[in-house]
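Trainee:
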């Protein structure tokens with residue numbers, strides 16, 4: 008009859024997708040846990056069992072164990088009963104390997120009363136899981152559910168943990184769904200298992216679907232908002248990524264410099280570089296974003312995209328001063344020239360050359376233009392000649408040399 012119960016439970020699980028409450032098919036026939044009557048241990052072991060229990064209740068766990076080890080039970084039931092007690096006592100002592108050994112004896116005997124056998128099955132499975140014996144633990148959780156006729160969401164969560172550790176991702180999703188169908192309230196842990204499984208299988212769109220369910224269920228969990236925004240980026244849905252990051256920011260959920268940076272970058276990409284700069288700068292001042300050369304360069308880029316050239320030049324200058332990077336001085340010099348700050352641009356561009364850049368002609372050409380704007384024709388000519396020696400700026404420089412010569416002639420300047 009017990010096997011018939013198992014078949015009925017398995018059939019109902021497959022038909023209902025795990026959404027099993029005690030069905031009419033099961034209820035019509037008593038469950039095994041209810042049919043299995045409790046018994047008393049035999050006379051030969053009873054005294055030792057009683058004495059051991061008294062020692063245990065007095066906090067003398069070692070003495071309780073020692074008494075039981077002398078019990079010498081005669082029949083299978085007594086042996087299982089004593090083994091169960093020893094398993095519990097050793098577990099309390101933290102001696103898990105020994106506890107598992109005795110609990111296994113009690114479970115495999117399959118003879119204890121209904122309540123005792125159910126409790127032993129569950130403890131045995133929990134200890135196996137705790138001791139990272141994941142493959143061994145899984146069937147005993149199912150045996151507990153078969154024996155008790157209870158499909159329990161927490162059991163499926165434990166099974167899901169085991170499958171996760173074994174990297175059995177499809178099975179994780181299956182048991183997580185079963186657990187969620189049984190949970191009385193939304194179970195964040197089970198949803199997280201599904202998310203982890205989809206992520207590890209690189210099924211990012213399905214992961215997005217899980218998070219889109221989780222965020223409304225757990226709106227105060229800022230990590231979920233950030234995860235959803237990050238997954239939107241992974242599936243290249245930038246509009247939703249920005250909207251989610253923005254909502255997370257407004258709710259105070261962006262707590263790292265990296266997340267603020269992503270928000271600002273998305274804002275800039277979506278046509279709001281000035282707002283991006285202000286958000287980024289605010290959190291640099293607060294200390295959330297480190298004030299280093301890279302951060303100043305990012306901030307300068309936002310202001311440059313917003314056509315706020317003065318601010319952009321200032322921050323490129325700060326980045327360059329920290330890193331001593333000629334390329335950053337070149338960027339600063341160009342923006343100063345663009346803002347008609349030629350006298351400020353010239354020493355900056357000269358420094359870019361002195362520090363070494365891949366194409367010095369770029370800085371020399373900018374210098375030529377700056378000197379030309381200041382009507383310093385000889386300096387403009389010399390820089391243009393130098394720029395013409397660089398393949399990257401050769402054509403542009405040569406096109407200006409004749410113009411500079413003409414300007415110098417008109418102003419009686421000898422080159």
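Numbering (the numbering used here), first residue to last: 8 to 422.
No residue lacks a Cβ here, since even glycine has one placed at the ideal position from N, Cα and C.
Can you say whether residue 418 is buried or exposed, counting buried as having 16 or more other CB atoms within 10 angstroms of its CB?
Mentor: Residue 418 comes out exposed.
Trainee: Excluding the 5 residues flanking residue 352 on each side, which residues of the same chain have their C-beta closer than 6 Å to its C-beta?
Mentor: So the qualifying residues of the chain are 340, 343, 344 and 377.
Trainee: Can you tell me where the alpha helix (DSSP H) with residue 114 in it begins and where it stops?
Mentor: Here the alpha helix (DSSP H) through residue 114 covers 103–116.
Trainee: Could you give the C-beta distance for residue 116 and residue 87, rounded to a whole number, given that I count them as a contact under 8 Å?
Mentor: About 4 Å; that satisfies the 8 Å criterion.
Trainee: How big is the Cα-Cα spacing for residue 33 and residue 56?
Mentor: Residue confidence for residue 33 is low, a pLDDT of 39 falling below 50, so the modelled location carries little weight and cannot support an answer.
Trainee: For residue 263, does the three-state DSSP call read helix, strand or coil?
Mentor: Residue 263 falls in the coil class under three-state DSSP.
Trainee: Could you give the distance in angstroms between the alpha-carbon of residue 216 and the alpha-carbon of residue 242?
Mentor: Whole-angstrom Cα-Cα distance: 12 Å.
Trainee: Is the distance from the Cβ of residue 151 to the Cβ of residue 125 below 8 Å?
Mentor: Against a cut-off of 8 Å, the Cβ pair of residue 125 and residue 151 comes out as a contact.
Trainee: Are there 16 or more other CB atoms within 10 angstroms of the CB of residue 311, so buried, or fewer, so exposed?
Mentor: The residue is buried, with at least 16 neighbouring Cβ atoms inside 10 Å.
Trainee: Measuring CB to CB, does residue 158 end up less than 8 Å from residue 134?
Mentor: No, these two residues do not count as a Cβ contact at 8 Å.
Trainee: Which residue wins for smallest C-alpha separation from residue 60, given the options 92, 371, 189 and 422?
Mentor: With distances taken between Cα atoms, residue 60 lies closest to 92.
Trainee: Could you tell me the distance, in whole angstroms, from the CA atom of residue 403 to the CA atom of residue 384?
Mentor: Straight-line Cα distance between these residues: approximately 17 Å.
Trainee: Would you call residue 367 buried or exposed, if buried means 16 or more other Cβ atoms sit within 10 Å of its Cβ?
Mentor: Residue 367 comes out buried.
Trainee: Residue 366 by DSSP, collapsed to three states: which one?
Mentor: Residue 366: coil per DSSP, three-state reduction.
Trainee: Quick check on this structure: which residue in 170, 254, 270 and 314 has the alpha carbon closest to the alpha carbon of residue 227?
Mentor: Checking every option, the nearest Cα to that of residue 227 belongs to 254.
Trainee: Can you tell me whether residue 371 is buried or exposed? The criterion is at least 16 other CB atoms within 10 Å of its CB, across all chains shown.
Mentor: Buried, since its Cβ has 16 or more Cβ neighbours within 10 Å.
Trainee: Quick one: residues in its chain with C-beta nearer than 6 Å to the C-beta of residue 170, no 5 flanking neighbours on either side, listed in chain order?
Mentor: Hits under 6 Å: 178 and 179.
Trainee: Does DSSP put residue 33 in a helix, in a strand, or in coil?
Mentor: Low local confidence applies: a pLDDT of 39 at residue 33 is under 50, so the model's placement there is unreliable, with the coordinate-based value given in what follows. Looking at residue 33 - three-state DSSP - the assignment turns out to be helix.
Trainee: Per DSSP, what kind of secondary structure is residue 398 in: helix, strand or coil?
Mentor: If DSSP states are grouped into helix, strand and coil, residue 398 belongs with coil.
Trainee: If you compare alpha carbons, which of 48, 279 and 94 is closest to residue 69?
Mentor: Out of 48, 279 and 94, 94 has the C-alpha closest to the C-alpha of residue 69.
Trainee: Going by beta-carbon coordinates alone, are residue 309 and residue 280 separated by less than 8 Å?
Mentor: Contact: yes.
Trainee: Can you name, in chain order, every residue of its own chain whose Cβ lies under 6 Å from the Cβ of residue 35, other than the five neighbours on each side?
Mentor: Annotation note: pLDDT 39 at residue 35 (below 50); position unreliable, no value reported.
Trainee: Could you spell out where the alpha helix (DSSP H) holding residue 145 opens and where it closes?
Mentor: Where residue 145 is concerned, the enclosing alpha helix (DSSP H) stretches over 141–155.
Trainee: Quick test of the definition: if touching needs 3 or more C-beta pairs under 8 Å, does the stretch 257–272 touch the stretch 288–307?
Mentor: These segments touch.
Trainee: Helix, strand or coil, according to DSSP, for residue 45 in the structure here?
Mentor: Reduced to three states, the DSSP call for residue 45 is coil.
Trainee: Kindly list the residues whose CB is nearer than 6 Å to the CB of residue 71, restricted to its own chain and excluding five residues on each side of it in sequence; keep chain order.
Mentor: Same-chain partners within the cutoff: 59, 62, 63 and 96.
Trainee: With a threshold of 16 other CB atoms inside 10 Å of the CB of residue 197, please say whether the residue is buried or exposed.
Mentor: It counts as buried.
Trainee: Could you pull out every residue in the same chain whose Cβ sits closer than 7 Å to the Cβ of residue 154, ignoring the five residues on either side in sequence?
Mentor: Answer for residue 154: 39, 40, 124, 125 and 128, listed in chain order.
Trainee: In or out: residue 193 buried (at least 16 other Cβ within 10 Å) or exposed?
Mentor: With fewer than 16 other Cβ atoms within 10 Å, it is exposed.
Trainee: Assuming residue 107 and residue 136 are in contact, meaning their beta carbons sit under 8 Å apart, how far apart are those beta carbons, in whole angstroms?
Mentor: About 11 Å separates the two Cβ atoms, so there is no contact after all.
Trainee: By Cβ distance below 8 Å, which residues in the same chain neighbour residue 346 in space, the five residues on each side in sequence not counted?
Mentor: Within the same chain, residue 346 has close Cβ partners 316, 317 and 320.
Trainee: Suppose the cutoff is 7 Å on Cβ atoms and the five residues either side in sequence are ignored; what does the same chain contact list for residue 100 look like?
Mentor: The residues are 68.
Trainee: With DSSP as the reference, label residue 375 as helix, strand or coil.
Mentor: Helix, per DSSP.
Trainee: Going by CA-CA distance only, name the one from 121, 413, 304 and 141 that's closest to residue 37.
Mentor: The candidate whose alpha carbon is nearest that of residue 37 is 121.
Trainee: Are the Cβ atoms of residue 323 and residue 358 separated by less than 8 Å?
Mentor: No.
Trainee: Give me the Cα-Cα distance between residue 186 and residue 164, rounded to the nearest whole angstrom.
Mentor: About 6 Å.
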